[in-house]
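Everything below concerns the one structure shown next.
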Amino acid sequence: MLTLNLIREQKDFVVERLKIKNFDAASLVDKILELDAIRRDTQKNYDAILADINRISKEIGELIRSGKKAEADAAKTKTTSLKEESRRLAERLDEIDKELRSELIKLPNLPHESVSPGHGAENNVKVREGGVIKELEETALPHWELIKKYDIIDFELGTKLTGAGFPVYKGKGAKLERALINFFLDEGEKAGYKEVLPPIVVNEDSAFATGQLPDKEGQMYLIGSDNYYLIPTAEVPVTNIFRDVILDAADLPIKTMAYTPCFRREAGSWGAHVRGLNRLHQFDKVEIVQIAHPDHSYEALEEMVSHVEGLVKKLGLPYRIMKLCGGDMSFTSALTYDFEVWSGAQKRWLEVSSVSNFESFQANRLKCRFREKGGKQNRLVHTLNGSALALPRIVAALLENNQTPSGIIVPEVLAKYTGFNIID
RNA sequence: GGAGAAAUGGCAGAGUGGUCUAAUGCGGCGGUCUUGAAAACCGUUGUCCCGAGUAAUCGGGACCGGGGGUUCGAAUCCCUCUUUCUCCGCCA
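Shown next, in the form of structure tokens:
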């Protein structure tokens, strides 16, 4: 959520910037400013009436204390009409507030000045790439064949237990999954991230604060009996740790990471590109989150990008880093880098991580601020997050790229976690 | 699931209808003293909204777990929800 101050002071700038995201904000911004003016006016009147009531009440107290009962009773009748008016204004203020807020949350975050315009993935900008793409043998199999051949991930069994998109990891498949999680967490710890193991169901307040509600409601599984949501990403519980919190500038940046299963309904997605591990309803992910000082959040972003880059390098996967164009960025992001790894048998790039700076957009909803030493006013922090990493597509790429006639070679860095170096 | 108790500022903790403008202590910040530090002493202290001002600041309003109510007036009384603690039950 953008701050009202920004919209008030730099209306034209807001409208101009949002064009990069192909969002025409002009009429929405006007409506917001109009509602804002009404709200302030209403509040001014309301506060004045409350001040009157407070003053008269104080006088009544003094009159009663000095035994002037008749005068006190007279004063009481004066407040009757004021009370009626205050009640009316309180209702009006509440209404306006809600309306203003519901409009305000329709505005996407402003893209960073370096974000280029564009409509979709085809306009994203390649930042750099690494690793070596090897040509696989003619007989190379896509991962959905490999997992059957070695019996390590079972979709049919998952369908029996739950439904499509909920695979069962078996034997070396389960162990590989566990190894990757531990590898990612250990690397994160080395990079200074504090591990947390949060709940994987959250309440409405949390889902709202990170922006999953209201616009992505249909993407989350809802536990209706308690009105809880299964998390689509650890970003939700981890970032919400900092909801309604005032931090000390000296404590920034705060680096947190979490492994969690993630749940996505992904309604309406089918086709060859979502086969096998490419898109699941439940998957594992290690997420890194930083709460940063606004003056240093882009340094934090670069640091996160190089952390993620280190992971894919160590796994020996060919990768490229894409800077998203305005049209391909999420509603809440100011700047996003996507990591893609090469899938040898599918012969295409798979997105395995998305690292973003949300600047103060999430912090404003979260009400996460910080106090600067000697500073008069609290400021909103900047929040950032990134996958480090999402497992299924990493597994898919590892299986496909590392296949040999005798089995699938496990990357060296993982061997100490798996206890084996080949899946056969 | 049953019975009882509680929720107050960064923390501890007083406050049962009207100077609560929330006592006091601890902590934090600033200062005096000191070569420096500690101790002692003095001062200061939260968040949000509205208005005035270039600004320092000033004025008004809201906030004592959340929501609602009674009253001219609520931290204080009533209703409701949530959470925590104690005891009992159940349980990996």
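Residues 1 to 424, numbered by the working numbering, are exactly what the first sequence covers, in order.
Quick reminder that beta carbons are idealized off the backbone N, C-alpha and C, glycines included.
Point to revise | Where the beta strand (DSSP E) through A209 begins and ends | key: Run containing A209: none in the beta strand (DSSP E); it sits in the alpha helix (DSSP H), 204 to 209.
Review point. Is DSSP giving H382 helix, strand or coil here?
Key: DSSP, reduced to helix, strand and coil, places H382 within a strand of the structure shown.
Review point. Counting pairs of beta carbons, one from the segment 406 to 424 and one from the segment 255 to 264, are three or more of them closer than 8 Å?
Key: Touching, no, given that fewer than three Cβ pairs across the two stretches are closer than 8 Å.
**Study point:** Among D424, A397, A415, P214, nearest to L136 - alpha-carbon criterion
**Key:** When only C-alpha atoms are compared, the closest one is A397.
Review point. What is the DSSP secondary structure of E122, reduced to helix, strand or coil?
Key: Of the three classes helix, strand and coil, the one that applies to E122 here is helix, per DSSP.
**Study point:** E195, DSSP secondary structure in three states
**Key:** Looking at E195 - three-state DSSP - the assignment turns out to be strand.
**Study point:** Helix, strand or coil at L426 according to DSSP, with G and I counted as helix
**Key:** Within the shown structure, residues of the chain are numbered from 1 to 424, placing residue 426 beyond reach of any answer.
Practice item. Take E351 and list the residues in its own chain whose beta-carbon comes closer than 6 Å to its own, dropping the five residues that flank it on each side. Key: Correct list, in chain order: D338, E340.
Exercise for review: Please check the pair Q219 and P232, which I expect to be a contact at CB under 8 Å, by giving their CB distance rounded to whole angstroms.
Suggested key: By a beta-carbon distance limit of 8 Å, Q219 contacts P232. Their separation comes to about 6 Å.
Review point. Is the segment 35 to 44 touching the segment 99 to 111, taking contact as three or more C-beta pairs under 8 Å?
Key: Yes, they touch.
Exercise for review: Compute the Euclidean distance between the alpha carbons of N22 and H119, then round it to the nearest angstrom.
Suggested key: When the Cα atoms are used, N22 and H119 turn out to be separated by approximately 8 Å.
Review point. Taking all protein chains shown into account, do 16 or more other C-beta atoms lie within 10 angstroms of the C-beta of N109, making it buried, or fewer, making it exposed?
Key: So N109 ends up on the buried side.
Review point. Terminal residues of the continuous alpha helix (DSSP H) containing I53?
Key: 26 to 65 is the extent of the alpha helix (DSSP H) around I53.
Check your understanding: How would you call L380, buried or exposed, if buried means at least 16 neighbouring beta carbons within 10 angstroms?
Key -> Answer is buried; the Cβ neighbour count reaches 16.
Point to revise | Reference F155, options N203, T42, N278, closest by Cα | key: In this structure, N278 is the residue among N203, T42, N278 with its C-alpha nearest to the C-alpha of F155.
Review point. How big is the Cα-Cα spacing for I288 and N240?
Key: The straight-line gap from Cα to Cα measures roughly 13 Å.
Review point. Do the segment 175 to 185 and the segment 61 to 68 meet, that is, are 3 or more Cβ pairs less than 8 Å apart?
Key: At 8 Å Cβ cutoff, the stretches do not touch.
Check your understanding: Rounded to whole angstroms, how far is the Cβ of N378 from the Cβ of R369, which I believe are closer than 8 Å?
Key -> Indeed, because the Cβ distance is near 4 Å, the residues count as touching under 8 Å.
Review point. D52 to K194, Cα distance in whole Å?
Key: Their Cα atoms are separated by approximately 52 Å.
Review point. Taking the alpha-carbon positions, what's the L63 to R55 distance?
Key: The alpha-carbon atoms of L63 and R55 are separated by roughly 13 Å.
Review point. Per DSSP, N357 is paired with what?
Key: DSSP lists L335, L384 as partners of N357.
Point to revise | For W342, the residue or residues it bridges with in DSSP | key: Answer by DSSP bridge pairing, in chain order: W349.
Review point. Distance, Cα to Cα, K255 vs K190?
Key: The alpha-carbon atoms of K255 and K190 are separated by roughly 12 Å.
Practice item. Taking only the alpha-carbon atoms, compute the straight-line gap between V125 and L89 and give it to the nearest angstrom. Key: Approximately 52 Å between the Cα atoms of the pair.
Point to revise | Coarse secondary structure for T3, derived from DSSP in three states | key: In the structure shown, T3 sits in coil (DSSP, three-state: anything other than H, G, I, E or B).
**Study point:** Close beta carbons around A75, own chain, < 7 Å, minus the five adjacent residues each side
**Key:** Closer than 7 Å at the Cβ level, and outside the excluded window around A75, lie I56, E59, I60, L63.
**Study point:** Separation of A48 from S353, as counted between CA atoms
**Key:** Each residue's alpha carbon lies about 53 Å from the other.
Check your understanding: Hey, would you say E453 sits closer than 8 Å to S297, going by beta carbons?
Key -> Given a span of 1 to 424 for the chain in the structure shown, any question on residue 453 remains unanswerable.
Practice item. Return the residue from the list F183, P142, P237 that minimises the CA-CA distance to D205. Key: It is P237 whose Cα lies nearest to the Cα of D205.
Exercise for review: Spatial neighbours of A390 within its chain, please: CB distance less than 6 Å, with the 5 preceding and 5 following residues excluded, ordered by chain position.
Suggested key: Counting only Cβ-Cβ distances below 6 Å, and skipping sequence neighbours, we find K285, V352.
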